[in-house]
Every structure is written in structure tokens, then in C-alpha cells.
Amino acid sequence: MSGKPPSAALASILAKSSAHGSVRVRPVRRGPSGGASSSIGAVCISDATAAGSGSFREQGVAAAIAGDMPAARLAFLSHLKAEAGDAAAWEMLAQCELEGGHAGSAARCAGEASRLRPLWAQALLTLARSLAAMGELVLASHALDAAERADRPQAPSSSSSSSSSS
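Mapping of the sequence shown onto my numbering: residues 2 to 167, in sequence order.
Put into C-alpha cells, the structure is as follows:
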């Protein structure tokens, strides 16, 4: 991005992004049972699950919750070597990349999540954030529009529902 003040496109992106809520790792909060819980992307995890877990994906989630994005990134990459079709892991890796200042890599990861799960608003929002960080405001706006459409309930089709013959 150049040294120009934020444009109307960026203001639009920020407004749409805040309307959809934050896509970032949320701070730890106390759950109903008293244990801490948090979420990243569309995956929720509790202390009990994170503490004894050995899977790379769960280690990545736990590291992200703890704020250790480099460790989370490595864990998600290890997980994705075995489970390349895991859209949620791609989206979480994109968040880690974005948090680490690697917007281009974040956009590629979020794009892969969107390819695997085409109408998933979470991946589209992360893609929009990544594109905005790269200065690609028009593309980011398109990704936000797609996320907004993905969140809307589908209207029932009105194809000849009243075809009665007399």
C-alpha cells in the first residue's frame, strides 16, 4: 500500500469486516463449566481437549489460543501434510500467517480453505483481511461481498410452484 490515507474502499472493508465480527483468535474466557475456552476460526476448543491432545491440529489451536503464532503455524503445517483437505486448518493457518505479517501466504491459505469449502464465510473473511493487508482493496471488497452472500439464508426457489391446470 502507498502512504496515502485510507481510501473509501478500505473504510468499506473495515465497516463490513466489523459487521461480521472479528475473525481473529478471541481471548480466553471462562466457559459455563468454569474451564477456560476460546475459539479460532470455526473450531472451538476447551482446556481439557488442548491439554492432553497430541494431534498437530489441536496443538496448533492451543498454541494460537496461547498467542504463540509461530508454534501454531508449524503445528498446522504438520497437520496439513497429512490432512491437506482440512479447510478449517487452512483457514486457521491463514490467520497465523496474517498475524505474523505474511499477508501473501495468508491469502493463499485462505484461498485454499475457500476452494475446499466454497461458501464458508469464515474463510472468505480471512481471505478479505489478507487481501486488504496486501493492499488489494478491490479484491478484498469482492471477498467480503462473497462472505456476506455466503451468510445469507438461501431463499426457496420460486420455480413454478403454482402450476395448476383448470
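Note that CB positions come from ideal geometry on N, CA and C, so glycine has one too.
* Go to Glu113, then tell me how far its alpha helix (DSSP H) extends in each direction, as first and last residue. => 104-117
* **Rounded straight-line distance, which links the Cα of Glu84 to that of Arg110** => Here residue 110 is Cys; the residue named in the question, Arg, does not match the sequence. When rounded, the distance between both Cα atoms is 14 Å.
* What three-state label does DSSP hand Glu84 in the structure shown? -> coil
* **Distance CB(Ala124)-CB(Ser142) smaller than 9 Å** => no
* To do: With a floor of 4 residues, list each alpha helix (DSSP H) that falls wholly inside the segment 119-153, ordered by position along the chain.
  => 122-134, 138-152
* Asked: Just the Cα atoms here: how many angstroms apart are Asp146 and His80?
  -> 30 Å
* Taking all protein chains shown into account, decide if Arg153 is buried (16 or more other Cβ within 10 angstroms of its Cβ) or exposed. => exposed
* With a cut-off of 8 Å, do at least 3 Cβ pairs link the segment 94-106 to the segment 115-122? -> no
* Exposure label - Val139; buried when at least 16 CB within 10 Å -> exposed
* **Option in Ala108, Gly86, Ala95 with minimal Cα separation from Met70** => Ala95
* To do: Go to Ala63, then tell me how far its alpha helix (DSSP H) extends in each direction, as first and last residue.
  => 57-66
* Roughly how many angstroms separate the alpha carbons of Phe77 and Ala151, rounded to a whole number? -> 25 Å
* With burial defined as no fewer than 16 other Cβ atoms inside 10 Å of the residue's Cβ, what is the status of Gly136: buried or exposed? -> exposed
* Asked: Among residues of its own chain, excluding the 5 on either side of Glu149, which ones have a beta-carbon nearer than 6 Å to its beta-carbon?
  -> none
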